[in-house]
Amino acid sequence: MVAFTTPKRVICVLFPNQPPQFQEFAEACLRLTPKIAVRPGNRGGGFSAVFLEFQGRATLSPDFARKKIAFVQALARRMKVGAPAACTEGAHAMEALSLARFGEHTGHASVSKLPIDALLDYITPFEYEEEISKKFRDQIPVFKMLGVSKIQDFVRLPTSLLASRFGEEVVLASQRLSAWVFPETLPVWPYFHIQEQVAEKEDFYFEPLENLDSLLFILKHLSNRVMARLRGRGLKAAELELVLELEGNSQIGRPIRNWKIQLPIAQGSYLGLLTVLRERLSYDLGYQPLEAAVRSAEIRILETAPGHGMQRNFFSRKEEEAEAWDALVGRLLQKLGKKNAYRAQPVDRHLPEKAWKPVAPEAPAALVAASPGLRPLLERPLRLLRKPEPMQRLGDYLISQLSKKRWKVSNWQGPERITGEWWWKNFKRDYYQVTTDAGEKLWVFSVPEQPLYQLHGYFD
Amino acid sequence: MSELKEWSRERLSVLNGKEYLALRAQETFPLPEKLHSQLLALPKGALVEWSGAPGSGKTTALLSVLSQNPQLRAAWLEEEPEIYPAAFANHGIDLDRILFVESSLENLLWSGHAILKSGLFQILVLNLKSSLSLSEMDLRRLQLASEKSQATTVLLTETLRDFGNWAIRLQVQVSRKNEEVSLRVLKNR
Numbered sequence: 001m002v003a004f005t006t007p008k009r010v011i012c013v014l015f016p017n018q019p020p021q022f023q024e025f026a027e028a029c030l031r032l033t034p035k036i037a038v039r040p041g042n043r044g045g046g047f048s049a050v051f052l053e054f055q056g057r058a059t060l061s062p063d064f065a066r067k068k069i070a071f072v073q074a075l076a077r078r079m080k081v082g083a084p085a086a087c088t089e090g091a092h093a094m095e096a097l098s099l100a101r102f103g104e105h106t107g108h109a110s111v112s113k114l115p116i117d118a119l120l121d122y123i124t125p126f127e128y129e130e131e132i133s134k135k136f137r138d139q140i141p142v143f144k145m146l147g148v149s150k151i152q153d154f155v156r157l158p159t160s161l162l163a164s165r166f167g168e169e170v171v172l173a174s175q176r177l178s179a180w181v182f183p184e185t186l187p188v189w190p191y192f193h194i195q196e197q198v199a200e201k202e203d204f205y206f207e208p209l210e211n212l213d214s215l216l217f218i219l220k221h222l223s224n225r226v227m228a229r230l231r232g233r234g235l236k237a238a239e240l241e242l243v244l245e246l247e248g249n250s251q252i253g254r255p256i257r258n259w260k261i262q263l264p265i266a267q268g269s270y271l272g273l274l275t276v277l278r279e280r281l282s283y284d285l286g287y288q289p290l291e292a293a294v295r296s297a298e299i300r301i302l303e304t305a306p307g308h309g310m311q312r313n314f315f316s317r318k319e320e321e322a323e324a325w326d327a328l329v330g331r332l333l334q335k336l337g338k339k340n341a342y343r344a345q346p347v348d349r350h351l352p353e354k355a356w357k358p359v360a361p362e363a364p365a366a367l368v369a370a371s372p373g374l375r376p377l378l379e380r381p382l383r384l385l386r387k388p389e390p391m392q393r394l395g396d397y398l399i400s401q402l403s404k405k406r407w408k409v410s411n412w413q414g415p416e417r418i419t420g421e422w423w424w425k426n427f428k429r430d431y432y433q434v435t436t437d438a439g440e441k442l443w444v445f446s447v448p449e450q451p452l453y454q455l456h457g458y459f460d
Numbered sequence: 001m002s003e004l005k006e007w008s009r010e011r012l013s014v015l016n017g018k019e020y021l022a023l024r025a026q027e028t029f030p031l032p033e034k035l036h037s038q039l040l041a042l043p044k045g046a047l048v049e050w051s052g053a054p055g056s057g058k059t060t061a062l063l064s065v066l067s068q069n070p071q072l073r074a075a076w077l078e079e080e081p082e083i084y085p086a087a088f089a090n091h092g093i094d095l096d097r098i099l100f101v102e103s104s105l106e107n108l109l110w111s112g113h114a115i116l117k118s119g120l121f122q123i124l125v126l127n128l129k130s131s132l133s134l135s136e137m138d139l140r141r142l143q144l145a146s147e148k149s150q151a152t153t154v155l156l157t158e159t160l161r162d163f164g165n166w167a168i169r170l171q172v173q174v175s176r177k178n179e180e181v182s183l184r185v186l187k188n189r
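Chains as they are written, first to last, in my numbering: chain Z, 1 to 460; chain G, 1 to 189.
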């Protein structure tokens, strides 16, 4: 006999109340699935929940929901939203919610054994409705008088009596309990609105920060949350603003310091971003310290770029390496200048110094890409001087006009005439490979009708 | 017989799962024939000094090692870069494997550490001009960073420097005579 189990397609993350970073946490969950719904807490401080729906054959795997739940719990810890009261799986949002609310306490993993109170979750799973809740609560004593204390008792009641005795909401709940018979009664999955601007702020009015280490500690959390939200959207940070609000006093006119940081390479991990922030702040605050303690810190993402893959692959380190690559190149470009870290690409030009060009080291795919077909050249030196050095030939000697260094030549090979590029800078050079007595091999050229030779490189 | 086995084990070092024949100190051999056949080992997680006058062939020798190990990624760090990437193709090097970094003198070591710390590169080539003097402390730091990231840091120098005796594991002097590049291993511990 083959046992049939309904796929657990929805995970409900239940919080005892609505945490401050509830919306941000829900946005970060987008990295797991695009289908997210939230149930905000009511004004009286009731519970709140995030629903994640999954599709596809993977949901049939018994381990599927367990792995996702472990991931969601880790994400909640990382974003410091507080520990969820429960994380449960269900065939739909109503089942997952009722199990989250009552299953944990009663120890039951089946809806049928839950108390009758769980029926309310089948009526309004996605929002708290005051009127319906009140009406239902008034009916609970009636159910108990009839000996209906659990869902399994409720489903035995004749459905024909439900409408007349308990009203349409209870009929709806009854139909939703048999959702496989009445799929049209399933509630509409509400649209999840994401916040347009990704910004994270933390206030510490009672314990203002007075040193860089404690500020970086806070910035670590902020970066972590910002990056988790961006990852949920499949984006990376390209430009950000850091705003520090200082404690006001009579000497500070405007107690705000802000930095707009344009990241040369968009960052997708908080570690990469934090390193850039640390270096920038260490440098700037070294020159111009803060006038007062920091009262609040905020990171605003001003510009984004498309991110790498949404999730890390178990079988390759490609995503991890791409993040590490971005972090490294971002740091180098930030510190050394925008053109000072690059990959090189051959260019089809005759002029030796223009035969290659630096390209932005952005594409992480290059790390694993196969060789794009190397073009064999004639023998070229491995060191090329940026500016050729004029030399004079005196018998067997070459004498540099700049450094006055002398080379005794033991062998000349050449010339190799390199010419062309009439459209840009028509040139004509005769190149020689010169071996010296000291064992050096130089690349020297002469221009016809000019007396001096030019040292252009070394076969190093 | 047992002595021979012991000696063979000393001479073998492992790089990326492959065994290479390490070279004894004071051994001189020409490039490229013998280098290709014997496969010069670059010790992992260590500092290597690769020395030779401009035009002596030290970069050629280093690229030969790189071309033998196409799976290795390298970062090439220089203060005033004179390296000519267009010529790398002649040595069988895929330019996508190499990140070139130009750094001012004061940031050269910082850049080296950042590269090593990333763990992305198996080889860091640091071209040291005569203007940069490295203290023993700098070398020790580089050595520790290389050890931690299991990368080889190659210091390209024009003349052999007095770096002290302990930080550099492999010291190779490259010279050219009669059009032939040869390598002399000064130290290999």
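In this text, a Cβ means the ideal position worked out from N, Cα and C, and glycines have one as well.
The stretch 210-223 of chain Z / the stretch 123-133 of chain Z touching (three or more Cβ pairs under 8 Å): no
Residues within the stretch 144-172 of chain G neighbouring chain Z, beta-carbon criterion of under 7 Å: Within the stretch 144-172 of chain G, no residue qualifies.
Residues, ordered as in the chain, of the stretch 378-390 of chain Z that lie near chain G by beta-carbon distance below 9 Å: Leu-378, Glu-379, Arg-380, Pro-381, Leu-382, Arg-383, Leu-384, Leu-385, Arg-386
Inter-residue Cα distance where the pair is Gly-157 of chain Z and Thr-88 of chain Z: The residue asked about is misnamed: residue 157 of chain Z is Leu in this sequence, not Gly. If I take the Cα positions, the gap works out to 28 Å.
Boundaries of the beta strand (DSSP E) in which Arg-176 of chain G is found, first to last residue: It spans 168-177 - the beta strand (DSSP E) in which Arg-176 of chain G sits, taken as one unbroken run.
Gln-345 of chain Z: contacting residues in chain G (beta-carbon distance under 7 Å): Going along chain G in sequence order, the residues near Gln-345 of chain Z (Cβ under 7 Å) are Leu-95.
Limits of the unbroken alpha helix (DSSP H) element including Pro-141 of chain Z: Pro-141 of chain Z -> alpha helix (DSSP H) spans 130-145.
Length of the line joining the Cα atoms of Asp-430 of chain Z and Ser-64 of chain G: 28 Å
Classification of Trp-76 of chain G by the beta-carbon crowding that lies within 10 angstroms, buried from 16 upward: buried
Euclidean distance between Cα positions of Pro-358 of chain Z and Asp-96 of chain G: 11 Å
Contact the stretch 323-343 of chain Z vs the stretch 256-267 of chain Z: 3+ CB pairs below 8 Å: yes
Nearest-angstrom Cα separation, counted from Pro-16 of chain Z out to Arg-233 of chain Z: Each residue's alpha carbon lies about 26 Å from the other.
Ala-179 of chain Z, DSSP secondary structure in three states: coil
Sheet register partners of Lys-462 of chain Z (DSSP bridge): In this structure chain Z extends from 1 to 460, so residue 462 of chain Z is not present and cannot be described.
Members of the stretch 119-135 of chain G that neighbour chain Z once the beta carbon cut-off is set at 7 Å: Within the stretch 119-135 of chain G, the residues whose Cβ lies closer than 7 Å to some Cβ of chain Z are Gly-119, Leu-120, listed in chain order.
Test: Tyr-506 of chain Z CB closer than 8 Å to a CB of chain G: Residue 506 of chain Z lies beyond the stretch modelled for chain Z, which goes from 1 to 460, so this question has no answer here.
CB contact check: Trp-325 of chain Z to chain G, cutoff 8 Å: At least one C-beta of chain G is nearer than 8 Å to the C-beta of Trp-325 of chain Z.
Range covered by the beta strand (DSSP E) that runs through Gln-345 of chain Z: 341-346
Alpha-carbon spacing of Phe-102 of chain Z relative to Thr-33 of chain Z, whole angstroms: 25 Å
Proximity test, Cβ basis, 8 Å: Ser-175 of chain G and chain Z: yes
Interface residues of chain G facing Trp-356 of chain Z [CB-CB closer than 7 Å]: Pro-85, Ala-86
Integer Cβ distance of Leu-47 of chain G from Ile-123 of chain G, believed to fall under 8 Å: Not a contact, Cβ separation roughly 12 Å.
Same chain only: Cβ atoms within 7 Å of Asp-437 of chain Z, ignoring 5 sequence neighbours per side: Lys-408, Ser-410
Distance between Leu-72 of chain G and Glu-49 of chain G (C-alpha atoms, nearest Å): Straight-line Cα distance between these residues: approximately 19 Å.
Leu-139 of chain G - containing alpha helix (DSSP H), residue span: 136-149
Test: Tyr-342 of chain Z CB closer than 8 Å to a CB of chain G: Yes, because at least one Cβ of chain G sits closer than 8 Å to the Cβ of Tyr-342 of chain Z.
CA-to-CA distance, Val-10 of chain Z to Ala-96 of chain Z, given in whole angstroms: 7 Å
Close Cβ partners of Arg-78 of chain Z (< 7 Å) along its chain, the five nearest in sequence each way excluded: Asn-224, Ala-228
Helix, strand or coil at Asn-90 of chain G [DSSP, three-state]: Per DSSP, reduced to three states, the secondary structure at Asn-90 of chain G is helical.
8 Å Cβ cutoff, Asn-188 of chain G in contact with chain Z: The beta-carbon of Asn-188 of chain G is placed no less than 8 Å from the nearest beta-carbon of chain Z.
Extent of the continuous alpha helix (DSSP H) to which Thr-159 of chain G belongs: Element bounds for Thr-159 of chain G: n/a, residue is neither H nor E.
Rounded distance between the beta-carbons of Asp-117 of chain Z and Ile-140 of chain Z, thought under 8 Å: 7 Å
Every unbroken beta strand (DSSP E) within the stretch 392-419 of chain Z, with a cutoff of 3 residues, ordered by chain: 397-400
Residues, ordered as in the chain, of the stretch 98-116 of chain G that lie near chain Z by beta-carbon distance below 8 Å: So the list reads Ile-98, Leu-99, Phe-100, Val-101, Glu-102, Ser-103, Ser-104, Asn-107, Trp-110, Ser-111, Ala-114, Ile-115, given in the order they occur along the chain.
Ala-366 of chain Z at chain G interface by Cβ criterion, 8 Å: Low confidence applies to Ala-366 of chain Z: its pLDDT is 45, below 50, so where it sits in the model is not reliable enough to give any reading.
From G:Gly-45, G:Leu-42, G:Met-137, G:Gly-55, residue whose alpha carbon lies closest to that of Val-174 of chain G: G:Gly-55
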